[in-house]
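Down below is the structure, laid out as structure tokens.
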Amino acid sequence: MSTIEDIELEHHRAQMLHDMRSLVEKYRAIFDWDVPGVNQAEADRLIIQALRDALSDVASDLPSAASKS
Numbered sequence: 070m071s072t073i074e075d076i077e078l079e080h081h082r083a084q085m086l087h088d089m090r091s092l093v094e095k096y097r098a099i100f101d102w103d104v105p106g107v108n109q110a111e112a113d114r115l116i117i118q119a120l121r122d123a124l125s126d127v128a129s130d131l132p133s134a135a136s137k138s
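If you count the sequence shown from 1, you need to add 69 to reach my numbering.
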């Protein structure tokens with residue numbers, strides 16, 4: 070059985086995906102403007118890794134993270 074948190078998250082999942090795609094596109098555009106002849110595949114890899122690292126940092130900063138370690 071789903072918890073109320075699971076149900077609420079499911080209501081927002083599509084918006085979260087949209088927001089993440091928008092972030093990727095934002096930084097892809099910045100790379101295109103700032104780096105002439107950018108290797109898009111490498112830029113994409115770096116952007117995705119930076120977003121993963123940032124999300125990990127955010128998760129570590131949450132009060133609930135301390136109780137799960």
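The beta carbon of each residue, even a glycine, is placed where N, CA and C say it ideally should be.
Can the beta-carbon of residue i be found less than 8 Å from the beta-carbon of residue j?
i, j, result
"L124", "L92", "no"
"A112", "F100", "yes"
"I116", "R97", "yes"
Start and end of the alpha helix (DSSP H) containing residue i?
i, result
"A70", "Reading off the sequence, residue 70 comes out as Met, not Ala. No alpha helix (DSSP H) holds M70; DSSP gives it neither H nor E."
Quick check on DSSP: helix, strand or coil for residue i?
i, result
"V127", "helix"
"P132", "helix"
"V21", "Residue numbering for the chain in the displayed model covers 70 to 138; residue 21 lies beyond these limits and cannot be assessed."
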